[in-house]
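Each remark here refers to the structure printed beneath this line.
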Amino acid sequence: MLNKSLLMNKCIISSLSKVVLVFTLMTSSLYSYAQSAEDKGLAIAKERKLRDMGWGDSTGNLSMILRNAQGEEVERKIRLKSLEMVDDGDKGLTIFDQPLDVKGTAFLSFSHALKPDDQWMFLPKLSKVKRIRSRNKSGPFMGSEFAFEDMSSFEIEKYNFKHLRDETFEGQASFVSEQVPIDKDSGYSKQITWVDKKHYRVLKVEFYDRKGSLLKELINYEFTLYLHKFWRPMRIEMFNEQNGKSTDLVTHELSFNTGLTDSDFNKGTLKNVR
Amino acid sequence: MKTLISLIAFLPTLVFAEIEYSGSAGVEQRYYFQDALYPVQERSNLSVYFAPELFTSFNNGNDSILFKGFYRFDQQDEERTHADIREFVWTHSGEEWEVKTGISKVFWGQTESLHLVDIINQTDAVEAIDGEDKLGQPMVAFSLFKDWGDTTVFVLPYFRERIFSGSDGRFRATLPVDTDNPIFESDDEEKNIDWAIRWQHTLGDWEVGLSYFDGTSREPDFVLTANEFLEPSLRPFYPQIQQAGIDVLALLGDWTVKFEGIQRKVMEQDFTAFVGGFEYSFVGLFDTVYDVNWLMEYQYDDREDLTNAFAQNDLMVGSRLVFNDVDGTEILLGLVQDLDYSNVRTGFIEASSRINDHWKWRVDAWLFSSDEPSEPSYLLRRDDYVQLSIEYYF
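Here it is as structure tokens:
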């Protein structure tokens, strides 16, 4: 019963997105001759977001490979459950399997477009669910080169956009845009994104620190198509230009429509998460 | 009989269900800085622990069984050598509710320096001085998860007595505690049925909890007695109490404000205690990835009798340094100053880091300064120690 209504919701969402898509295509062709760089940047971002709407929920098995400047590697294992929210940022649940001393720790996050994300952590040693401050979003996620804010869902309202130029990246015609975080707690002064013109997939991101220097470079590899619509990179490489460290986020397994609902993202049941 | 039938019905699924086995073990070497108060106590102590964990789920994950065991062997103190079932609980979950049946552990509260509201589980007092280790508590707990908050009703059919250090152990009173002869206010003694209810809710940047407990006090009082050889000892006395509690956490910019307060009725007398303060975070200190959190909490307790009131007018200041490195290195420093007696204070350091995926080191140190015989910390004035632990996770 529940799965059915969820499915119906998804149908509504996808047909809705088609309507919106047609509408934006019409309007964008109308405006294209008089579009500013900001408008074009925003239009690209909206299309990017639109093309990723309606995925519903997903469950993934991932590894993080942390590499220091000397090339020494450490592996982290996590499972990630995600739920798409229509009127708000997505909900996410991260379960830590490795390192073993934090096994059983669970991280629950409700992303929001403008206000800070709501986040809780379950600490198995104390059996305690701890509310955490999401304002330290610039802090490293599990000692990796990914910051907490890099793990949060992409929302239009988080940035000001500007289209810079068109460029071919790794053989793919791409839009190169700048996105400036609106939140003053962000660790970045700006991000430069390479989005391919065909599928609106993010191919590469450059992150600039608060002083404006290049901090990190992210490249998405091995794009796989899910549900005939959604592209997901199976390997994300984040390279820190300033300290020479890098982190690979590798997806081993990813499934959609796994029947997750709101009640799977509840701080009250965080204790039972395995 | 009914339970037997349902057990047999579950058995086939249990047999085929995958059982996850994990846990930890550790070796701890303690060294006490000063000569002991009592001649039987030693300056150094070696101790080992083993904490296995088994987990299985069935019925599409709607049912699960969790077992957490604990065993410690202590070189000096035979009372600290102990075993416990920390958890052995069956969880049955519905869409917006769950029932937990068995031995479990529950944590309530928000503050760092003192856990006033947290009352379901008995403190495993021989484990550590911070009181954060708990004994497993038998219970049936029904929870409801709704838009208006999470509500849980607990029925606690069996009481766990507190364990105390033996004569060879540290952190003890001058007189031995006669744990074989506890006194209960309830005629049902440890079989008194305690109950509790808790509501917890998130309101934007606020976490709010309300709780009520009616049953046997987890904190004993002591009655001075003597045996047939006229040797004096302390008999633990467990009164019946009613306790209402509130706990709040608020995220206000860079500040996190925390508060816990209780009102307890014991032996027709009321008392109030609270602890409140803040945590302030510096993220990315000096352009590094280090985080520094400053903590300050004030502790208040209006009990006249200080037996159980360590924190009647005290101030805790502390700092947590998080390195955000691959090894997860963290250092917590703290000082608790008694505001009634300037010469009474306690300091502590907790540091830990990973060696690799399986191994971790930990250093804990506690320093007690107390020249005030009326304060309970006076008993610990020679128990300053540093402990190095090596832990193995599997």
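If you're matching them up, the sequences are chains A and B in order.
Residues in the first sequence are numbered consecutively from 195, following the numbering used here.
Residues in the second sequence are numbered consecutively from 455, following the numbering used here.
We treat Cβ as the ideally placed atom computed from N, Cα and C, and that holds for glycine.
Following the continuous beta strand (DSSP E) through residue i, name the residue where it begins and the one where it ends.
| i | result |
| --- | --- |
| leucine 833/B | Here leucine 833/B belongs to no beta strand (DSSP E), and DSSP marks it neither H nor E. |
| glutamine 366/A | 366 to 375 |
| valine 396/A | 396 to 403 |
| arginine 540/B | 536 to 547 |
| glutamate 411/A | 408 to 420 |
| tryptophan 602/B | Segment: none, tryptophan 602/B is in no beta strand (DSSP E) and carries neither H nor E. |
| lysine 309/A | Element bounds for lysine 309/A: n/a, residue is neither H nor E. |
| methionine 336/A | Run containing methionine 336/A: none; DSSP gives neither H nor E here. |
| threonine 445/A | 440 to 450 |
Give a yes or no on whether 8 Å exceeds the smallest Cβ distance from residue i to chain B.
| i | result |
| --- | --- |
| valine 268/A | yes |
| lysine 461/A | yes |
| glutamine 264/A | no |
| aspartate 251/A | no |
| serine 332/A | yes |
| arginine 327/A | yes |
| proline 375/A | no |
Shorter than 8 Å from the beta carbon of residue i to some beta carbon of chain A?
| i | result |
| --- | --- |
| arginine 614/B | no |
| histidine 812/B | yes |
| arginine 808/B | yes |
| valine 560/B | yes |
| glycine 585/B | no |
| glutamate 644/B | no |
| leucine 787/B | no |
| aspartate 745/B | yes |
| glycine 623/B | no |
| aspartate 779/B | yes |
| tyrosine 752/B | no |
| glycine 782/B | yes |
| glycine 433/B | A query on residue 433/B cannot be resolved here, the shown segment of chain B reaching from 455 to 848 and no further. |
| glutamate 552/B | yes |
| threonine 710/B | yes |
| threonine 628/B | no |
My output table needs one value for residue i: the three-state DSSP class, helix, strand or coil.
| i | result |
| --- | --- |
| valine 296/A | helix |
| isoleucine 326/A | strand |
| threonine 783/B | coil |
| phenylalanine 509/B | strand |
| glycine 462/A | helix |
| serine 457/A | helix |
| lysine 285/A | strand |
| phenylalanine 740/B | helix |
| phenylalanine 683/B | coil |
| glutamate 266/A | coil |
| glutamate 278/A | coil |
| aspartate 675/B | strand |
| lysine 645/B | helix |
| glutamate 474/B | strand |
| phenylalanine 290/A | strand |
| phenylalanine 625/B | coil |
| phenylalanine 342/A | helix |
| tyrosine 503/B | strand |
| alanine 765/B | coil |
| tryptophan 425/A | strand |
| alanine 579/B | coil |
Mind checking which residues open and close the alpha helix (DSSP H) that includes residue i?
| i | result |
| --- | --- |
| isoleucine 573/B | Unbroken run through isoleucine 573/B: none, as it is neither H nor E. |
| isoleucine 350/A | Counting along the chain, isoleucine 350/A falls outside any alpha helix (DSSP H), and DSSP gives it neither H nor E. |
| arginine 242/A | 231 to 245 |
Considering only their Cβ atoms, is the gap separating residue j from residue i smaller than 8 Å?
| i | j | result |
| --- | --- | --- |
| leucine 287/A | leucine 302/A | yes |
| glutamate 361/A | valine 370/A | yes |
| valine 729/B | tyrosine 752/B | yes |
| leucine 688/B | leucine 678/B | yes |
| aspartate 251/A | leucine 274/A | no |
| alanine 471/B | threonine 510/B | yes |
| glycine 337/A | aspartate 779/B | yes |
| tryptophan 820/B | tyrosine 839/B | yes |
| lysine 600/B | glutamate 550/B | yes |
| glycine 590/B | arginine 626/B | no |
| glutamate 532/B | serine 501/B | no |
Nearest-angstrom Cα distance between residue i and residue j?
| i | j | result |
| --- | --- | --- |
| threonine 253/A | aspartate 701/B | 34 Å |
| alanine 490/B | glycine 283/A | 59 Å |
| glutamine 766/B | valine 396/A | 58 Å |
| phenylalanine 459/A | valine 631/B | 47 Å |
| tyrosine 666/B | arginine 616/B | 21 Å |
| isoleucine 206/A | threonine 299/A | Here the model assigns isoleucine 206/A a pLDDT of 41, short of 50, so the residue's position is not dependable and the matter cannot be decided. |
Kindly say whether residue i, judged by its beta-carbon, lies nearer than 8 Å to any beta-carbon of chain C.
| i | result |
| --- | --- |
| valine 737/B | The question asks about chain C, but that chain is absent: this structure's protein chains are A and B. |
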